[in-house]
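Numbering-wise (the working numbering), the sequence shown opens with residue 134 and increments by one. Even for Gly, the Cβ is constructed at its ideal location relative to N, Cα and C. Reading through the structure tokens given below for one structure.
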Amino acid sequence: MNLLMYIVASVLVLFTACKDEEKPAPVPDKLSVEPKELEFAANDDEEQFVDVTTNVKTWKASTSANWISINENEGSNDFAVTVIIQC
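Okay, structure coming up:
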């Protein structure tokens, strides 16, 4: 009987010791840009910069307008994006 109790107690200790550690809650994705607005002259090709601050591992910026181009449109974490307006 003592041997059976010892085996049961050992098995319970093993299952308790092998319990998965609780994983920390995931950090929510954050993204911000500065400045929030850009102003361009009406008759001049011009380039301006937007600073992207994020904890996202990779990101991509895009536009559907044919008069705007974005250089450095992919990055990881914090990055500066060049926005070019073609008049």
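Residue i versus residue j: straight-line alpha-carbon distance, rounded
i, j, result
"V214", "E167", "10 Å"
"I203", "T191", "16 Å"
Three-state secondary structure assigned by DSSP to residue i
i, result
"T191", "coil"
"L171", "coil"
"A158", "coil"
"N204", "strand"
"D184", "strand"
"T215", "strand"
Option nearest residue i by Cα separation, candidates the options
i, options, result
"N210", "S202, V189 and N199", "V189"
"N199", "K156, P159, D177 and Q219", "Q219"
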